[in-house]
Amino acid sequence: MTSKHFGTDGIRGLANKVITPELAMKVAQATGVLFQRGEHRHRAVIGKDTRLSGYMIETAMVAGFTSVGVDVLLLGPMPTPAVAMLTHSMRADVGVMISASHNLYEDNGIKLFGPDGYKLSDEVEANIEALLDKDAAIKLSKPADLGRAMRVEGDRARYIEFAKRTLVRNLTLEGLRIVVDCANGAAYRVAPEALWELGAEVFKIGVEPNGFNINRDVGSTAPMALSKKVREMRADIGIALDGDADRVLIVDERGKTIDGDQVMAVIAESWKEDGRLAQPGIVATLMSNLGLERYLNGLGLALERTPVGDRYVLEHMRRHGYNLGGEQSGHIILSDYCTTGDGLVAALQLLTVVKRKMRPVSEVCHRFEPLPQILKNVPIKQAASLEEERVSKVIEDGRRKLGNAGRLIIRLSGTEPVVRVMGEGDNHDLVEQVVDDICDALNPAAA
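Under the working numbering, the first residue of the sequence shown is numbered 5, with each subsequent residue one higher.
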């Protein structure tokens with residue numbers, strides 16, 4: 005079944021056009037009906053990031069849940085991983101995060117979690133999808149059975165304490181100068197507070213949300229501001245989160261960015277030395293650099309690959325018993341602690357290694373030399389079909405040119421209306437030529 009609404013990370017689109025109050029209310033109603041099991045009072049937890057449209061969507065979802073008899077606990081601005089954790093901790097039946105992650109404020113989205121704190125499976129999302137256009141299947145509650153909504157107190161403190169407890173006992177961050185960039189998003193309070201409580205000297209940017217500036221020139225997708233601040237403050241490390249704080253990017257003391265592949269390499273080697281890896285390897289997506297795979301192989305560790313999307317990484321981890329996985333973009337999943345990617349917790353694990361080794365971050369976090377990797381996007385409206393003979397021929401020719409020393413991935417994005425073309429190999433010029441040839445074949449008008 006092709007989903008009309010759900011993508012690789014929930015529902016996402018332009019606020020008040022794709023993500024409308026009507027859709028948000030119907031999603032809440034369908035989800036509320038689907039997750040009513042047993043005779044107890046059912047509860048939904050709702051968190052959000054700092055987008056202006058969050059108020060509208062939150063209100064619509066409260067109306068939807070309460071109309072089918074589900075009580076609602078409102079968290080306010082909170083990271084996605086905090087919503088997942090609190091859904092399970094507070095024994096809610098379902099969790100909701102209102103966010104479009106790393107997108108700019110014009111977009112918004114709805115991410116759903118089950119009572120165990122994990123994102124919903126494709127099967128459950130399909131069941132919700134089936135209910136959305138069937139008003140007759142939504143049984144509204146009697147007046148006496150309507151749900152209630154209430155604001156939750158102390159949720160920030162609970163998440164901060166949870167994050168701190170993922171560190172080794174008695175380990176502090178004293179002596180570290182840390183710049184943290186919260187992308188004017190969901191973690192603008194909790195991340196700086198957690199780092200400060202652990203003893204670090206903290207400098208903050210991206211902590212003045214106004215409804216419009218989430219991810220704008222700040223955060224993990226725009227690390228230039230963080231790099232500049234790290235150099236300015238002569239900090240030891242910079243930590244950049246995205247709008248909902250489920251991904252992280254690191255900046256070393258020189259201002260150089262360190263992506264999720266390097267972060268996974270650092271944590272994997274550390275956990276291997278400590279005997280903490282549940283399996284001899286980690287899980288990543290097709291987009292992770294071949295250099296990471298070669299580095300892990302040198303440590304006697306495997307790299308299992310999945311389709312793009314942290315949910316697919318997590319599904320593979322759970323199915324095969326891995327406890328470390330993630331994406332090059334910075335979604336790092338540490339399943340000993342979290343049910344989804346958690347940028348703050350991943351950063352704390354990396355900081356543990358920095359503290360132990362007492363060496364500059366530029367040395368600790370540069371574990372391998374990435375192979376040249378080029379990613380370009382072709383808008384779907386302009387793109388020819390991947391099945392066209394001339395396009396297929398160019399793709400096959402590109403695979404032949406790269407051979408066993410490279411990789412080529414062409415896929416439809418699950419979060420944006422584009423075709424992504426990624427090439428990788430030892431020869432930068434060859435990779436660039438192959439990628440450009442494919443983009444030209446997909447979009448001849450732009451050639």
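Beta carbons are placed, not taken as given, at the ideal position from N, Cα and C, and that holds for glycine.
Check: Can you name the start and end residues of the beta strand (DSSP E) that D185 belongs to?
Finding: R181 to D185
Next item on the list: Taking all protein chains shown into account, decide if V172 is buried (16 or more other Cβ within 10 angstroms of its Cβ) or exposed.
Entry: exposed
Next item on the list: Using the Cα positions of G36 and D185, report the straight-line distance between them to the nearest angstrom.
Entry: 35 Å
Next item on the list: Would you mind listing the beta strand (DSSP E) stretches within the stretch 362 to 408 that are 3+ residues and don't spill past its ends, in chain order?
Entry: 377 to 383
Next item on the list: Answer yes if the stretch 369 to 387 comes into contact with the stretch 400 to 408, meaning at least three C-beta pairs across the two stretches below 8 Å, and no otherwise.
Entry: no
Check: Within the chosen definition, does the stretch 101 to 115 reach the stretch 298 to 318 through at least 3 CB pairs nearer than 8 Å?
Finding: no
Margin query: Would A190 and P25 qualify as a contact pair, given that the criterion is a beta-carbon distance under 8 Å?
Written below: no
Next item on the list: Starting from G285, trace the beta strand (DSSP E) both ways and give me its first and last residue.
Entry: G285 to T289
Next item on the list: Under 6 Å Cβ to Cβ from D1, same chain only, skipping five residues before and after it: list those, please.
Entry: Outside the modelled stretch of the chain, which goes from 5 to 451, sits residue 1, for which no answer is possible.
Notebook entry, point to check: Which two residues bound the contiguous beta strand (DSSP E) that contains D265?
Noted result: That residue, D265, is in no beta strand (DSSP E); its alpha helix (DSSP H) goes G264 to D278.
Next item on the list: If I'm right that C369 touches I254 with Cβ under 8 Å, what's the distance once you round it to whole angstroms?
Entry: 6 Å
Margin query: Is it buried or exposed, A351, if we count other Cβ atoms within 10 angstroms and call 16 or more buried?
Written below: buried
Check: Applying the criterion that 16 or more other CB atoms from any shown protein chain within 10 Å of the CB defines a buried residue, is A32 buried or exposed?
Finding: buried
Item checked: Distance CB(I164)-CB(V206) smaller than 8 Å -> no
Next item on the list: Using three-state DSSP, classify M60 as helix, strand or coil.
Entry: helix
Item checked: Run of the alpha helix (DSSP H) containing F166, from where it starts to where it stops -> D159 to K168
Notebook entry, point to check: Should R238 be labelled buried (16 or more other beta-carbon atoms within 10 Å of its own) or exposed?
Noted result: exposed
Check: Helix, strand or coil: which one does DSSP assign to G17?
Finding: strand
Checklist line | Coarse secondary structure for T343, derived from DSSP in three states | finding: coil
Margin query: In whole angstroms, give me the CA-to-CA distance for G345 and Y122.
Written below: 10 Å
Next item on the list: Could you check how far apart the C-beta atoms of G99 and V49 are, in whole angstroms? I think they sit under 8 Å.
Entry: 5 Å
Note to self: So if DSSP puts R309 in a beta bridge, which residue, or which two residues, is it bridged to?
What the structure shows: A288
Checklist line | Proximal residues to K233 (C-beta, below 6 Å), its chain only, five neighbours per side dropped | finding: V183 and I209
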